[in-house]
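Taken in order, these protein sequences are the chains called P and V. So the mapping is simple: the numbering used here equals the position in the first sequence, first residue as 1, plus 2. So the mapping is simple: the numbering used here equals the position in the second sequence, first residue as 1, plus 228. Where is the CB? At the ideal position from N, CA and C, for every residue including glycine. I have placed the structure first, in the form of structure tokens, so that the comments after it can refer back to it.
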Amino acid sequence: MSLIEAKNLSKSYGAIRAVRDVSFAVDRGEVVAFLGPNGAGKSTTMKMLTGHLRADEGAAAIAGFDVADQAVQAKQHLGYSPEGAPAYGEMTVREFLRFAADLRGLADPAESVRKTLDLCRLNEVAAQNIDTLSKGYRMRVGFAQAVIHDPEALILDEPTDGLDPNQKFEVRRILKEMAARKAVIVSTHILEEVGELCTRVIVIAKGEVRCDESREKFLARGPDLNAVFRQLTA
Amino acid sequence: MSSSETPSSPGLKPFAAMVRREFAGYFRTPLAYVFLAVFNAFAVSLAFFVGGLYESGIASLDRFFLYHPWLWAFLAPAAGARLWAEERRQGTIELLLTWPITVWQAALGKFLAAWLFLACALLMTVPVALTVGWLGDPDWGVIVAGYAGSLLCAGACLGIAAIASALTRSQVIAFVTGFLACFILVLVGYGVFDELLAGALGSGGVDEIRRLGLWRNLEPFTLGLIDVRPIAYFLSVAFAGLGLSTIIVERR
């Protein structure tokens, strides 16, 4: 059983077909780079995988649980950070993580918060309101709420968007630390992340999967990844 | 971290966390204190200066409760505007709906927290009742019934506010539409408005519609009458609003 499964997912917004017949499965130990130009259908696919958007056709499952029919079980095994890492700005980092831990019904929420603050190196801002944080910290808070329950499936929508090189390095470090035990999907339009982070690449354009292959195969397509990307998404 | 820390049945903990966060959320901004102050100022001054509670010489709170439909029509949408609109504006709705809590649990948690907040506002007016008790010899049972009715009326207005909030990402729009909808329910049952309606519908139709007014349903409580119909009316409006707002959130 794959931890993250998309089966023939399709979604339209009015006349626009945002995602057409997208299928793939991600197993434990895989970190998938979900690549595509802006508006390619990356976020829409991720939203369907998390159960936030209902697919017009097809189905999605997390850890074997259908995200529509067994939503609560599926969500218990899922960590998700939406694009832009939204959070309750008026709460402190610690309060927010505690809320996430309580809402997930974790057995020892205080301990989970402590571990997550350590893991994501958020201790120095733990007592600060999220509204007052820099973008780098905010993205890390979004990441922290997604991993607080140590989920088997992790879906991150542009987790390094807008971060400086040091912050990007930090997010990748944490991801690498936990990747072996999880199935991870990371959406991005930053090609350098493919080489540094992922084991597999899925390229999506105009709502369709254009390529789904191992990192090595993808990197072997050519020395200039930008040219490869342009060709695949044309 | 060990894998799969999630217990199989978290029980009521997630729901309790939801209520706690939402209730505390009101006090994280100055809005809550402004709200409580405005509610109290208006509740007291309307009763004394407009209703002539003191001049009436009667140890009763019916002139105090008389204005509560107006107060709730204005202030329940003010407190309820943030319920969903704020989640949409901040984008946190996407988090909330991908956490392992059903939309119904989230909606009920939010609703109860908001209702509890309105109950706090109402509780702060107890000195008015104590004043009446000090000046005269009121029937405390009637006063308690009045408070219960007012709280139910607040719940009904909050139900309407929840629908308005579920429809938009702007708290201002949520407040204005919620207020307008509640305002119509306040007007129903008032003389001038009834005459207008009678012209259009005939007196039989007006009588049916009058039953839908907030004051018409609150009045029996202020007289100490606990009747099933007004209780059913307030609770159905409250829960219909809660249900409809949940369906709207679920569908989007």
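Separation of residue j from residue i, as counted between CA atoms
i, j, result
"ILE132 of chain P", "ALA287 of chain V", "51 Å"
"SER83 of chain P", "ARG19 of chain P", "24 Å"
"SER230 of chain V", "PRO258 of chain V", "For SER230 of chain V, the predicted structure reports a pLDDT of 41, less than 50, and the residue's modelled location is therefore unreliable. A value from the coordinates is still provided. Computed Cα separation, rounded: 41 Å."
"LEU380 of chain V", "LEU463 of chain V", "7 Å"
"PRO355 of chain V", "VAL173 of chain P", "56 Å"
"LEU227 of chain P", "MET3 of chain P", "32 Å"
"VAL211 of chain P", "ILE64 of chain P", "20 Å"
"GLU195 of chain P", "GLU218 of chain P", "13 Å"
"VAL34 of chain P", "HIS191 of chain P", "13 Å"
"GLU179 of chain P", "ASP58 of chain P", "36 Å"
"GLU233 of chain V", "SER114 of chain P", "In this prediction, GLU233 of chain V has a pLDDT of 46, which is less than 50 and means its spatial position is unreliable; what the coordinates show is noted afterwards. Whole-angstrom Cα-Cα distance: 9 Å."
"LEU299 of chain V", "GLY31 of chain P", "58 Å"
"GLY53 of chain P", "ARG96 of chain P", "27 Å"
"TYR461 of chain V", "CYS385 of chain V", "12 Å"
"LYS237 of chain P", "ILE6 of chain P", "Chain P is shown only over 3 to 236; residue 237 of chain P falls outside these bounds and no answer can be derived."
"SER236 of chain V", "PRO153 of chain P", "Because the pLDDT of SER236 of chain V is 48, which lies under 50, any placement of that residue in the model is unreliable, and the number read from its coordinates should be weighed accordingly. Between SER236 of chain V and PRO153 of chain P, the C-alpha separation is close to 14 Å."
"ARG457 of chain V", "GLU322 of chain V", "39 Å"
"VAL266 of chain V", "SER393 of chain V", "21 Å"
"LEU340 of chain V", "PRO88 of chain P", "24 Å"
"ALA468 of chain V", "THR326 of chain V", "25 Å"
"CYS213 of chain P", "ALA347 of chain V", "58 Å"
"GLY38 of chain P", "ALA260 of chain V", "45 Å"
"ARG123 of chain P", "VAL416 of chain V", "58 Å"
"GLY60 of chain P", "GLY81 of chain P", "22 Å"
"ALA146 of chain P", "PHE276 of chain V", "54 Å"
"PHE26 of chain P", "THR162 of chain P", "23 Å"
"LEU199 of chain P", "LYS13 of chain P", "29 Å"
"THR450 of chain V", "ASP367 of chain V", "11 Å"
"LEU11 of chain P", "ARG479 of chain V", "18 Å"
"ALA62 of chain P", "LEU264 of chain V", "46 Å"
"GLU283 of chain V", "ILE454 of chain V", "28 Å"
Closest Cα partner of residue i within the set the options
i, options, result
"ASN40 of chain P", "P:GLU160, P:THR118, P:ALA181, P:SER14", "P:GLU160"
"CYS410 of chain V", "V:LYS241, V:GLY383, V:LEU351", "V:GLY383"
"PHE407 of chain V", "V:PHE270, V:SER273, V:SER473, V:PHE302", "V:PHE302"
"VAL188 of chain P", "P:ARG140, P:THR235, P:GLU85", "P:GLU85"
"PRO242 of chain V", "V:ARG438, V:VAL266, V:GLY337", "V:GLY337"
"TYR295 of chain V", "V:SER378, V:VAL434, V:LEU470, V:ALA390", "V:SER378"
"ILE446 of chain V", "V:GLY427, V:ILE371, V:ALA252, V:ASN268", "Inspection of the sequence shows that residue 446 of chain V is occupied by Leu rather than by Ile. Taking only the C-alpha atoms, the option nearest LEU446 of chain V is V:ILE371."
"GLN78 of chain P", "P:ILE150, P:ILE206, P:ALA229", "P:ILE150"
"LEU105 of chain P", "V:ARG249, V:ALA271, V:ILE388", "V:ARG249"
"PHE67 of chain P", "V:ARG316, V:ASP290, V:PRO328", "V:PRO328"
"VAL186 of chain P", "P:PRO111, P:LEU108, P:ALA155", "P:ALA155"
"PHE98 of chain P", "P:VAL127, P:LEU193, P:LYS137", "P:VAL127"
Per-residue contacts from residue i into chain V (C-beta, under 8 Å)
i, result
"ALA129 of chain P", "Under the 8 Å cutoff, chain V gives no residues; its nearest Cβ is about 14 Å from ALA129 of chain P."
"GLU92 of chain P", "GLY253, ARG256, THR257"
"LEU80 of chain P", "THR326"
Under 8 Å between C-beta atoms of residue i and residue j
i, j, result
"VAL414 of chain V", "LEU442 of chain V", "yes"
"ALA306 of chain V", "SER398 of chain V", "no"
"LEU51 of chain P", "VAL74 of chain P", "no"
"ALA309 of chain V", "ALA402 of chain V", "yes"
"GLY43 of chain P", "GLY224 of chain P", "no"
"TYR364 of chain V", "GLY452 of chain V", "Checking the displayed sequence, the identity of residue 364 of chain V turns out to be Gly instead of Tyr. No, the Cβ-Cβ distance between GLY364 of chain V and GLY452 of chain V is not below 8 Å."
"THR47 of chain P", "VAL21 of chain P", "yes"
"GLY279 of chain V", "PHE270 of chain V", "no"
"LEU344 of chain V", "TYR375 of chain V", "no"
"LEU234 of chain P", "ILE176 of chain P", "no"
Where residue i meets chain P, residues with beta-carbon distance less than 7 Å
i, result
"GLU484 of chain V", "The structure shown has nothing for residue 484 of chain V, since chain V only spans 229 to 480."
"MET246 of chain V", "LEU105"
"LYS241 of chain V", "ASP104, GLY107"
"ARG397 of chain V", "Result: empty, since nearest Cβ-Cβ is about 12 Å, beyond 7 Å."
"GLY537 of chain V", "Absent from the structure is residue 537 of chain V, since the part of chain V shown begins at 229 and ends at 480."
"ARG249 of chain V", "PHE101"
Chain-ordered chain V contacts of residue i [CB-CB under 7 Å]
i, result
"LYS77 of chain P", "THR326, TRP327, PRO328"
"VAL74 of chain P", "PRO328, THR330"
Contact set between residue i and chain V, taken where Cβ atoms lie within less than 9 Å
i, result
"LEU99 of chain P", "Correct list: empty, because the minimum Cβ distance to chain V is about 12 Å."
"LEU156 of chain P", "Per Cβ cutoff of 9 Å: no residues; LEU156 of chain P is ~12 Å from chain V at best."
Neighbouring residues, chain P, relative to residue i (Cβ below 8 Å)
i, result
"THR474 of chain V", "Within 8 Å Cβ-Cβ: nothing; THR474 of chain V doesn't reach chain P, min ~14 Å."
CB contact check: residue i to chain C, cutoff 8 Å
i, result
"LEU453 of chain V", "The structure shown contains no chain C; the protein chains it does contain are P and V."
Check your understanding: In the segment 230 to 312 of chain V, which residue ranges form an unbroken alpha helix (DSSP H) of at least 4 residues, counting only runs that do not cross its ends?
Key -> 241 to 255, 259 to 273, 290 to 293, 296 to 308
Review point. Taking the runs of the alpha helix (DSSP H) that are 4 residues or longer, which of them lie wholly in the segment 138 to 198 of chain P?
Key: 167 to 181
Practice item. Quick one: which unbroken alpha helix (DSSP H) runs of 4-plus residues sit fully inside the segment 350 to 396 of chain V? Chain order, please. Key: 354 to 363, 368 to 394
Practice item. May I have a chain-ordered list of the alpha helix (DSSP H) segments no shorter than 4 residues that lie completely inside the segment 421 to 468 of chain V? Key: 431 to 438, 442 to 450
**Study point:** Minimum length 3: unbroken beta strand (DSSP E) runs contained in the segment 317 to 349 of chain V
**Key:** none
Check your understanding: Can you list, in chain order, the stretches of the beta strand (DSSP E) that have 3 or more residues and sit fully within the segment 5 to 75 of chain P?
Key -> 6 to 15, 18 to 28, 33 to 37, 59 to 64
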